[in-house]
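So the structure is just underneath, and the comments pick up after that.
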Amino acid sequence: MTLDIKIDIWDSLRWLTACMLLSLMAAQLVIQQDYSRYVYTDLLSYYLGLGFIAGIVMSTVSDRLHDKKQWFYIVGMAIRYYAGFYMITSGYAKIDDTFFDVSLTTYNQVMIDASGRDFVWTFFGYTYGYQAIIGMIEIIGSAFLFFRNTKLLGSLLLAFILSNALLINYYYNLDRGIWTGSLLAISSYPIIESIPRLFKFFIQNKSVDKISFPFLHNPKLYNALGILKIIVILGPIVMYLWRMENIEKWTRHNYDHPAVGAWIIDEVRHSTPIDSTHTLPKFKRLLLNKGRRGELITNDTTSGFEYIVDTTYDQFEMYNFYEFRDMDVKGKYIIQSPDTLLFQGRNQKDSLEFLMIRDKRFEERIRRLK
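Numbering (this note's numbering), first residue to last: 201 to 570.
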C-alpha cells in the first residue's frame, strides 16, 4: 500500500520558506500596531509555528493546485512587495536625515553610560553622507524588487546592507538583531528561489533557460503594469512625508528658534524672597533639543525637562524638571549675538537672569538640527 501523495523536495522547501516568511511579515505588521502590547520574540515564535504548519500542508497539496507556477509567483510577489515598501521608507528616512535621530543629550553623555543603541545611532548619525549612501542603496534595491527582471539584483543589494545591519544590531544588543534578521530573510526570498538556477550556472557551469512568467504575456500590458509599479513605488514616500509632517506638527513645533542647541550658563543672578522655600541649583549647561525636550546640567546632577519658545514675543518657558520639581522657569530671551542669549525672568516667585553662551563643540550637530 502506497500513499498517493507526490512530494517534490525543492517545491516543498519553497513552500516551507514562503509560508514562514509570510508569517514573519504578519508578525511584523502586528507588532507595529502596538509595540507595548506584544513581546516580539514570543509573537514571532507563534507566527513561525503557524507558518511552518502551513508550509507542511502546502507541500503535501502542492501538486494538486491548478497552476503551481502562478501560486509561487503570487506568493513571491507579495513577499518582495512587502520588503520593497518597508525598505524604501527606511532608505528615504536616512536620506531625509531623520532615521538616526540623535539628541544633544546622547552626544553629551559619558561613553561609559552609553548604551549599544547610543553608540550605533551616534556613529551613523554623526555625518550625513554615510547614511545617505546607505539610504540610496536601500531605495534602489527596494525599487528593483518591484520588477521581476531586476528582483534578484535588488535582493542582493538589500542583503548586503541588511547583513551588515544584522551584525551591528546583534553585537551591540539592539533587539539581538531579531527584527533586522527578519527583514533580511524576507528581502532574500528572490535569492532563495533562484538557488537552483544560480547553482546550475555558477557551480555546474551549465546554461539556464530563460525565465518565463505565468502572467501578462502581452508586452503592452506588461509595460502598462511597469508604469503602475513606478506610481506605486512613490506611494510609500508620499505616505512617509505625510506621516513625518504630522509628527512634526504635533511634537516638533519649536522650529528654527535661536534657543536650539547646547549652551554654557554664565553670570547667573537671582534674588530669593525671604519667604521663599526654593533653592536654585547651580546651572552649568543647558541642552535644548529640537522639539520640546531639554536637559539641565548642574554641578551635582542632570535633569531632563520640557520647554516652549514663542519667537513672536521672545518668550521662553522651562517646566516639568525631573529632578527639580519645584522649578518653573518663565521669562524672555534677548539675542545679544548669534552665539549669546540673555534670559530674564522668574523661577516661581524668584527673579532669575543668566547668560547663555553657545557651546561650539556641538556646532556640527546644531547645524544638522536646523
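For glycine and all other residues, C-beta sits at the position ideal for the given N, C-alpha and C. This one's a predicted model, so the numbers in the text were calculated from it and none came from an experiment.
Closest to aspartate 242 by CA distance: which of Gln515, Gly255, Gln228, Lys268 is it? Distance check between aspartate 242 and each of Gln515, Gly255, Gln228, Lys268 places Gln228 closest, using alpha-carbon atoms only.
Return helix, strand or coil for phenylalanine 554, following the three-state DSSP convention. In the structure shown, phenylalanine 554 sits in a strand (DSSP, three-state: E or B).
By Cβ distance, which residues of its chain are closer than 7 Å to valine 320, with the 5 residues on each side in sequence left out? Take valine 320, set aside five residues on each side of it, and the residues of its chain with a beta-carbon closer than 7 Å to its own are Ile368, Tyr372, Leu374, in chain order.
First and last residue of the uninterrupted beta strand (DSSP E) at glutamate 517: For glutamate 517, the enclosing beta strand (DSSP E) covers residues 515 to 519.
According to DSSP, is asparagine 454 part of a helix, a strand, or is it coil? The pLDDT assigned to asparagine 454 is 47, lower than 50, so where the model puts this residue is not dependable; a value taken from the coordinates is nonetheless given after this. Under the three-state reduction of DSSP output, asparagine 454 falls in the coil class, being neither helix nor strand.
Counting only the same chain and skipping the five closest in sequence on each side, list residues whose C-beta sits under 7 Å from that of alanine 385. Excluding residues within five positions, the ones whose Cβ falls inside 7 Å are Leu221, Leu224.
Let's test the definition: count the other Cβ atoms within 10 Å of the Cβ of leucine 428 and tell me whether it reaches 16, buried, or not, exposed. Looking at its Cβ environment, which holds fewer than 16 other Cβ atoms inside 10 Å, leucine 428 is exposed.
Terminal residues of the beta strand (DSSP E) in which alanine 462 lies: Where alanine 462 is concerned, the enclosing beta strand (DSSP E) stretches over 461 to 471.
Helix, strand or coil: which one does DSSP assign to threonine 511? Coil at threonine 511, not helix or strand.
Three-state secondary structure (DSSP) of serine 315: Residue state, collapsed to three classes: coil.
Thinking C-alpha only, which one of Thr322, Leu425, Ile361, Tyr522 is nearest valine 310? Out of Thr322, Leu425, Ile361, Tyr522, Thr322 has the C-alpha closest to the C-alpha of valine 310.
Checking 7 Å against the spacing of the C-beta atoms, do glycine 494 and phenylalanine 483 come in under that value? Not a contact, by the Cβ cut-off of 7 Å.
I think tryptophan 215 touches serine 262, with their Cβ atoms under 8 Å apart; what is that distance to the nearest whole Å? Contact holds; Cβ gap of about 6 Å.
Report yes if the CB atom of threonine 380 is closer than 7 Å to the CB atom of alanine 365, and no otherwise. Taking 7 Å as the cut-off, the beta carbon of threonine 380 is found closer than this to the beta carbon of alanine 365.
Look up asparagine 547 in the DSSP assignment and give the residues it is bridged to. In DSSP, asparagine 547 forms a bridge with Val529, Asp550.
Measure the CB-CB distance between aspartate 226 and tyrosine 247 and report whether it falls below 7 Å. Just to set this straight, residue 226 is alanine in the shown sequence, not aspartate. Yes, these two residues count as a Cβ contact at 7 Å.
Which residue or residues does DSSP assign as beta-bridge partners of serine 537? In DSSP, serine 537 forms a bridge with Thr540.
Let me confirm a value: threonine 289 is counted as buried when at least 16 other C-beta atoms fall within 10 Å, else exposed. Which label applies? Threonine 289 should be labelled buried.
Anticipated Cβ contact below 8 Å, leucine 488 with glycine 461, distance rounded: The beta-carbon distance between leucine 488 and glycine 461, rounded to whole angstroms, is 6 Å. This is short enough to meet the 8 Å contact definition.
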